[in-house]
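Single-structure report; data block below.
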Amino acid sequence: MMHFYNLTLQEPQHIVNATSGNFTGRSSEGVDEIVVNLGTQISLYRQYSNEDQTESAINRIFTKPTFCHLFNVKTLSFPGSIHDYLAMTSDSGNITIADLKNDDITIVACFPFARTGMRRMEPGYYFNISPCGRAILTSALEKYKVAWPVNQSDDKSPQILPPIETTRSHSIVHCSVALDVGYESPLFAFIERIFKPDKSKKEPIFDPKKNQKNLVLYEVDPSIKSIVRRGEHPIPSTSTHLVAVPGPLYDCPGGVMVCSSGNVKYFPKTGEPSISSIPTRKGCDLSIIVSSATYSRDGTWLALLQNQFGDLLIATTDENEPNAISIKYYDTIPPSKNILILRQGVLVSFGENNEINYYFITSVDGDDVLEFEPNEVNSRLSQFFTHPTMDHLVKMSVVESSYGGYSGDIISLHGSGKFSSLKFTRRGIPIDSIYQQTLGGQTFSIKTVRENPTDTYDKYIFISGINSTRVLSVEASGKINETSESLFIYDSATLDVIQLETIHSYSTVQIHAKGLRVITKENTVKNWGRESSNYIVAAASNTRQIVIAYDDATIALFEGNENAIPIEVSSIRLDNIEGQIIALAIPQLPEGIKTAKWLAIATDQMMMFIISLGGHTEEDINQRWTISARQMVNDRISALAFLSVPGIGHVLHIGNEKGVLQRAILDDNEGRLDMPQMRFLGHSPISFSKISINGRHCLIANASSPFLIRGLQVDQFAAPSFSAITQIFASFCPDGGFVGVTENDLMIFEIKDLNSSMSTLTAPLPMTPRQIVNIQNTSSAFIACSDLIEGIWQTVFFIYDYHSHSLSDPIEYEPGYCVTSSAFIPSSGSVCLGLAGNLRFNPRSCTGGRLILVDPTGLVHHKTDIEDIPGAIGLFDDDILCGIGKNIRIYKIGMNVLLKRCESRTMPFFISFVTSIGSRVVVGDSAESYHFLKFDRQNSVMTPFCDDATPRFPLSSVLLDRATVASGDRFGNFAVLRIPPEISDEAEVDPSGVGMVWEHHDFSGTPNKFDTAASFHIGDPITSMQLAVSGHCIIYATVGGQIGAMIPLSSDADATIIKKLEIEMRKKKPTICGRVHELFRSYYAPLTNVTDGDLVKTFLDLSNNEQKEIAFNMRCTPFDISRQLISIESIV
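This is the structure:
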């Protein structure tokens, strides 16, 4: 049975809305926190600024799935409190109040307010919280409003009181906001339009031209448990946005601004309303306010209003009239969905065009003019950080990885018009290069060490060659210089550099090919070595022990004395092992343990040994150097390393020369290796380096690119290939960076976001991208862009080289045509494009279409005119299969034009996908799902024999085999449809002799229908879907920028284990907003044969006791479950 595992590679990037506050209770003045609503997930960001705003940093703390569609996120704060709460509404029908202390989500309250789903008459779409935290009010698009009074309990947490409901028939809400009225009864403002019913008609008719818009004020009175309309004022029909003016809580005037086209009407708390004009761009339409943010401090306030062009306008109280508003032109930034002003005077703009921008506000002055020319360069804002996103994803192509990635890299097209872009994405933690220096020479290893173990930063970098060592000194200023004046050895290869430490002393030990050099705390030098001509070939150490191995199989064990000087305690020549020793590993010491008990040894005969190091008792000492385990591996070993994993124990990591990582658990009692696991890291020998991240022991595994190993999790860095790499702490990377040696250079980089798993490069495009085609056997992709400019379609082509990340000059095509479909034709080595002349989308129409063949240089050499829109192009053998409107057509490639071979007119609506396999043709209809047709080669006839009983709306498709197709639709559903095995594609002929039985209008399609092999709701329209380069999984992308993989599980046993874990996790981890997980994933169709990786992966975040409890219920161990999850993810 087919079963898939859904793995999210990149979380959604579409920002619905955001809110700021002090959610984790940090009292630091230089810290602000932002919660971003990503539709089906939420993210917490933390922004740091120093006092003079010269430095700032943005860190993502976490991103968590909510398993629902979030409507709104708001900040619930209480006056005088330094701790804010997060409030959310969603299609779960619940309001959720969450505490984000300890950088995690704890649910304080989750209470229902409506039915599940998205309905216009269910409250939750509009959501507001009074500034004093006394009431929450939600509203539906129409009629219903519900409010909840809020109190503080004894522990200062919010206490939600019973709800209060009100209704207003025949009313439509356009906008809402909570007003600052101090500690009076909470007041909320709404823009409403009332449409009165016509008694002569059964249903009331909404006419936006006739029905008046009103500003309606609602007061929530907790004492009498009622919602009362306190006022209703007519406002212009162009009013679309409300801005609440800070009030008594901040010693400000209060009131509300109603933003209309070209003006703002201010309703003060007391007094008559006033109207202020909005400055407009010269030669442009009147300004329409689309987003706003307010800021107040020390009795003063300001509001930044942004219009549809991106211009920022600053609004404050008019100096001459207290009940009037002064609006001035401020600055210009890209158009935003949402803007926030943080406590530190930082403006955050969540742009409509795939980026989040951060600005320091350097001035609060504005230009007092009614018409202005927008600033080309920000004059009152100082941009200090840009966070690109991958929203508005149009198309995607998976190409062979240039860095050895198993599933390939991704080229995606984004945006529209002048804000379009191409993004090249590879899987891996993104890096930020901060230093590069040319070195030269061949490097085998790199090590860093501090001068004193208590120092904050590393002092020396050791770069080891074949027979020498180069030592670089890292200055406090951040400068890196080569030094020859230290006490270290330079004329021998350095295997390792470690520091031994006791309470009163420390020493630095350089392990080189000829022995040990020990530099004490007092800078005295002690050397240790043997008189023989043998060389040290391997070394391993922990905080108290050092083990070295010579080329004659002699091993020496050292332990630090009270002065942190290594003393040899034992040595032996191991004649009972096969081959020469090439690698050693010794476990890390748990707290309270002074010495390790076991040593791992690897030899050049592909053999692994676990050897006892004894202990403190006489019995243990007698067991020293005895072999407890012997194991043969498949390939020659290149490196060994132990990593302590909480809840599991010591895990031995074995790297071989062919890039395969093997892991096994060390039985600390018996010295055996259990439960081996393998993963391919790339076509290069693996080496290891011990590092620490946030106080947690980790490993760097360096192969064709570096990998970070945290516990059982293995994540690739989006970094070039290094010959050696390790961790470094310095003034330019105080939180820890990484230093590596490439072929000729020393490179230092840091990680901004360890939670991110994708790295992206961006290239701007001048027009809306429509199609992308990977050109086979090259490192190039063909990009086609089309835009409607001054009423005429303009089309340009680009050739993109993804190895060099370079875009060719634009290749223009004749005006009047828009690109609608594409495919690569291997037989001619060219790209086939479908174009529509004078295309109109609503209703869909054109004056004719065209098929052209374009070679990889952009030269058009075939041109064939057709009568309708070419909605899809595919391959049929060496011919071109094309969907033209409702018709399917096969073309042969002629000398100058395409020659029609056959045609079928059996599709119901509009063809959006065509492909073939053997004699079967698979067609996707944009509103009527999929159809399988049989091609009769003798008679050149295409006959449908199987279709779908469910009307699906596919946006993307992948043919998996001759009977199976995977679909992603416009409602965010993934489905796999399969022809039942008993169905034959032999055409059934009508005995009456008038054709095929399903060509009669009396029948609903074909008599054979698909089986649904898999179904899963992702939550965002799936715009692209393609097989990974390895062919082992399906890569999909959504319009909101989410990238994921559907991984088929290899056996029913694997599927059973993962499904049991999903059931256990549903019991253990209720969703954030109270939505039933299974119902969310069954939004439009029942969840079928797909396991949700977003849910089951949270098993790795549970405590040891919780993991053991779940494992006990599943009759296995936590390691079995973790290994299963990690092995599935390693397929991608």
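Residues 1 to 1132, numbered by the UniProt record's numbering, are exactly what the sequence shown covers, in order. No residue lacks a Cβ here, since even glycine has one placed at the ideal position from N, Cα and C.
Check whether residue i and residue j have beta carbons under 8 angstroms apart
i       : j       : result
Cys785  : Thr778  : no
Gly740  : Thr820  : no
Arg134  : Pro123  : no
Ser363  : Ile356  : no
Thr1012 : Phe945  : no
Tyr457  : Ser731  : yes
Gln10   : Ser1024 : no
Ile278  : Gln306  : no
Gly271  : Asn320  : no
Phe1099 : Met1046 : no
Val976  : Ala1014 : yes
Ala966  : Ile1034 : yes
Phe188  : Leu137  : yes
Ala724  : Thr448  : no
Sequence-distant residues of its chain with Cβ nearer than 6 angstroms to residue i (five each side left out)
i      : result
Tyr406 : Ser1030
Asp368 : Lys328
Arg450 : Asp458 and Lys459
Gly995 : Because Gly995 carries a pLDDT of 48, less than 50, the predicted location of this residue cannot be relied on, and no value is offered for it.
Straight-line Cα distance separating residue j from residue i
i       : j       : result
Glu400  : Asn669  : 46 angstroms
Ile410  : Asp969  : 20 angstroms
Tyr1036 : Asp961  : 18 angstroms
Thr332  : Ser505  : 60 angstroms
Glu657  : Met678  : 14 angstroms
Tyr435  : Asn59   : 21 angstroms
Ser468  : Trp528  : 18 angstroms
Lys269  : Ser185  : 13 angstroms
Gly283  : Pro374  : 12 angstroms
Phe738  : Pro1070 : 38 angstroms
Trp625  : Ala539  : 16 angstroms
Ile1121 : Ile1043 : 25 angstroms
Close Cβ partners of residue i (< 8 angstroms) along its chain, the five nearest in sequence each way excluded
i      : result
Gly659 : Phe680, Leu681, Gly682, His683, Ser684, Pro685, Ile686, Ala703 and Ser704
Ser644 : Pro587, Gln588, Pro590, His650, Val651 and His697
Asp879 : Ile890, Tyr891, Lys892, Ile893 and Arg901
Glu568 : Trp528, Ala556, Leu557 and Phe558
Lys213 : His174, Ile191, Glu192, Arg193, Pro234, Ile235, Pro236, Ser237 and Ser239
Start and end residues, alpha helix (DSSP H) containing residue i
i       : result
Leu1079 : His1077 to Phe1080
Asp1052 : Asp1052 to Lys1068
Gln1107 : Asn1104 to Met1114
Ile1128 : Pro1118 to Glu1129
Endpoints, the beta strand (DSSP E) within which residue i is located
i      : result
Ser507 : Tyr506 to His512
Gln41  : Gln41 to Ser49
Asp496 : Thr494 to Glu501
Leu699 : Arg696 to Asn702
Residue burial classification, residue i (beta-carbon count within 10 angstroms, cutoff 16)
i       : result
Phe841  : exposed
Lys526  : exposed
Ser532  : exposed
Phe797  : buried
Ile503  : exposed
Met895  : exposed
Leu242  : buried
Arg952  : buried
Gly918  : exposed
Cys1073 : buried
Leu347  : buried
Pro1118 : buried
Contact set for residue i: own chain, Cβ-Cβ below 7 angstroms, skip 5 residues either direction
i            : result
Leu765       : Ser420, Ser421, Leu422 and Cys785
Ala949       : Lys1009
Thr106       : Ala98 and Asp99
residue 1135 : Given that the chain is displayed from residue 1 to residue 1132, the structure contains no residue 1135 and the question cannot be resolved.
Chain B within 8 angstroms of residue i, Cβ atoms only
i      : result
Pro856 : In the displayed structure, chain B is absent; only one protein chain is listed.
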